[in-house]
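Undergrad: Below is one structure. I have some questions about it.
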Amino acid sequence: MEICPGDYIKELLIHHKAVSLPTVGGFIAQDQSAQLDEGLGKLTPPSKKIIFTPNLAIDDGLLVNYMMKKFGLSHEEATDVLISYCQDVNHALNNKEFFAFKGIGRIYKDFEGKIKFLPDHSNLNEDAFGLPDLDFSPMAQESTAVQEAHLPKEALTTLTPDAKSAIADSEITAIPWWQQNLKWIGLITAFLLLIVYLGYSTVKKDHLAESNALNPSQERTNISPQVTKNEMQVKAEEELPEGDGTDENAVNTDEPTISPTQKVAIIAIGKFGNKDNVRRLVKRIFDEGYNPYQEDLGKLTRVGIQFAYEEESEVYETLKRVRKIFAPDAEILKK
513 MEICPGDYIK
523 ELLIHHKAVS
533 LPTVGGFIAQ
543 DQSAQLDEGL
553 GKLTPPSKKI
563 IFTPNLAIDD
573 GLLVNYMMKK
583 FGLSHEEATD
593 VLISYCQDVN
603 HALNNKEFFA
613 FKGIGRIYKD
623 FEGKIKFLPD
633 HSNLNEDAFG
643 LPDLDFSPMA
653 QESTAVQEAH
663 LPKEALTTLT
673 PDAKSAIADS
683 EITAIPWWQQ
693 NLKWIGLITA
703 FLLLIVYLGY
713 STVKKDHLAE
723 SNALNPSQER
733 TNISPQVTKN
743 EMQVKAEEEL
753 PEGDGTDENA
763 VNTDEPTISP
773 TQKVAIIAIG
783 KFGNKDNVRR
793 LVKRIFDEGY
803 NPYQEDLGKL
813 TRVGIQFAYE
823 EESEVYETLK
833 RVRKIFAPDA
843 EILKK
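Numbering (the working numbering), first residue to last: 513 to 847.
Set out below in structure tokens:
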């Protein structure tokens with residue numbers, strides 16, 4: 513015969529305040545008085561609230577004694593049954609499984625490894641067995657005019673002013689629930705509006721940061737880029753007309769001519785996985801008067817500018833302009 517100690521915890525909690533499982537924890541029954549919820553219109557009878565705590569992972573002897581009396585087991589046999597049962601509980605919890613106790617609830621381990629308890633809605637209070645929750649609603653009395661309409665004419669003529677005043681004072685009008693809870697409705701509405709506003713601001717900020725390097729601002733569309741003396745020299749060399757192919761010493765206009773005293777610097781603007789974004793940024797760099805730089809990084813393409821310089825200060829001046837025109841997080845890749 514298979515014995516399940518967990519099936520008897522509910523019965524023990526009716527007569528005891530706590531029942532423990534060695535190496536697992538314990539269940540505690542807390543008495544609760546009747547509850548009246550005017551907002552929901554519900555009356556809850558007295559009950560016992562069941563909570564679980566891992567601090568009672570000891571053998572209090574209740575389950576062992578219960579099984580000894582119920583099944584005629586020896587103390588050693590009942591203890592072995594309880595230990596085996598607790599091992600099964602711990603095994604289920606360590607495997608991230610729920611473990612149910614009949615008429616009590618379920619326990620499980622959360623992501624932090626702490627045991628959580630989901631109670632069943634069963635009432636263990638002996639004095640309240642079988643008592644259901646009672647629903648109620650406000651009752652409205654008829655107005656004075658309606659009450660007088662129901663009275664015989666002879667009675668109306670005999671009513672004194674004090675009697676009519678008493679009828680008027682007894683009039684009760686039911687107040688809708690939303691009028692009784694205007695304060696809470698206002699607070700909840702304000703909280704939801706705040707969440708929507710914060711979510712919209714976050715999405716908008718991320719969208720602007722992503723498209724900052726691709727869409728020039730209105731202020732920059734009609735402003736010519738500032739270029740250093742060396743950059744003007746490079747641009748001038750690029751604009752030289754091509755030779756007729758007969759001069760062996762003709763300057764190659766495909767790349768800027770760099771003198772021995774000059775160096776080449778590269779400023780990275782961003783990395784993109786969309787080829788259309790790369791093409792748009794390269795075109796924009798050309799339109800701003802800079803020489804584009806591209807580097808294949810596998811699924812991404814690094815885009816920036818490259819230019820010749822003589823003094824290191826020219827690099828940092830160019831970096832300031834690039835950050836202002838293209839992206840505030842542009843950085844020096846090579847100098």
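By construction, the Cβ of each residue, glycine as well, lies at the ideal position given by its N, Cα and C atoms.
Over what stretch of residues does the alpha helix (DSSP H) that includes L812 continue unbroken?
TA: Taking the first residue of the sequence shown as 1, we reach residue 812 at position 300. That residue, L812, is in no alpha helix (DSSP H); it is neither H nor E in DSSP.
Undergrad: Using C-beta distances below 6 Å, list every residue in its chain close to K561, excluding the 5 sequence neighbours before and after it, in chain order.
TA: Counting from one through the sequence shown, the residue named residue 561 turns up at place 49. Here the set comprises Q542 and Q544.
Undergrad: Give a yes or no on contact between the stretch 519-536 and the stretch 593-607, applying the rule of three or more CB pairs nearer than 8 Å.
TA: Segments in contact, yes.
Undergrad: Would you check if there are 3 or more beta carbon pairs closer than 8 Å linking the stretch 774-794 to the stretch 824-839?
TA: Because the criterion of three Cβ pairs below 8 Å is met, the stretch 774-794 and the stretch 824-839 touch.
Undergrad: Could you pull the start and end residues of the alpha helix (DSSP H) that E843 belongs to?
TA: Position 331 of the sequence shown, counted from the start, is the residue given in the question as residue 843. Segment E843 to K846 is the beta strand (DSSP E) holding E843; no alpha helix (DSSP H) there.
Undergrad: DSSP has N803 in a bridge; who is on the other side?
TA: Here residue 803 corresponds to residue number 291 of the sequence shown, with the count starting at 1. Partner(s): Q818.
Undergrad: Could you check how far apart the C-beta atoms of Q806 and I778 are, in whole angstroms? I think they sit under 8 Å.
TA: For the purposes of this step, residue 806 is taken as the residue at position 294 of the sequence shown. For the purposes of this step, residue 778 is taken as the residue at position 266 of the sequence shown. With a Cβ gap of about 11 Å, Q806 and I778 do not count as contacting.
Undergrad: Among the residues of its own chain, which have a CB less than 7 Å from the CB of G617, if the five just before and after it don't count?
TA: Locating residue 617 in the sequence shown gives position 105, counting from the first residue. So the qualifying residues of the chain are I562, F629, L630, P631 and D632.
Undergrad: If you draw a straight line from the alpha carbon of S790 to that of I797, how long is it in whole angstroms?
TA: Numbered from 1 along the sequence shown, position 278 holds the residue referred to as residue 790. Numbered from 1 along the sequence shown, position 285 holds the residue referred to as residue 797. A small fix is needed here, since residue 790 is Val in this sequence, not Ser. Approximately 11 Å between the Cα atoms of the pair.
Undergrad: Do you know offhand how far E823's Cα is from L809's?
TA: The count along the sequence shown starts at 1 and reaches residue 823 at position 311. The count along the sequence shown starts at 1 and reaches residue 809 at position 297. Answer to the nearest angstrom: the Cα atoms are 30 Å apart.
Undergrad: Taking the beta carbon of Y828 as the centre, do at least 16 other beta carbons fall within 10 Å, making it buried, or is it exposed?
TA: Within the sequence shown, residue 828 is the residue found at index 316, counting from 1. Per the 10 Å Cβ criterion, exposed.
Undergrad: Just curious, the alpha helix (DSSP H) that D600 is in, first and last residue?
TA: Residue 600 sits at position 88 when you count from the first residue of the sequence shown. Looking at the DSSP string, the run of the alpha helix (DSSP H) that includes D600 is H587 to N606.
Undergrad: When you compare only the Cα positions, how much space is there between L524 and L704?
TA: One-based indexing of the sequence shown puts residue 524 at position 12. One-based indexing of the sequence shown puts residue 704 at position 192. C-alpha separation (whole angstroms): 45 Å.
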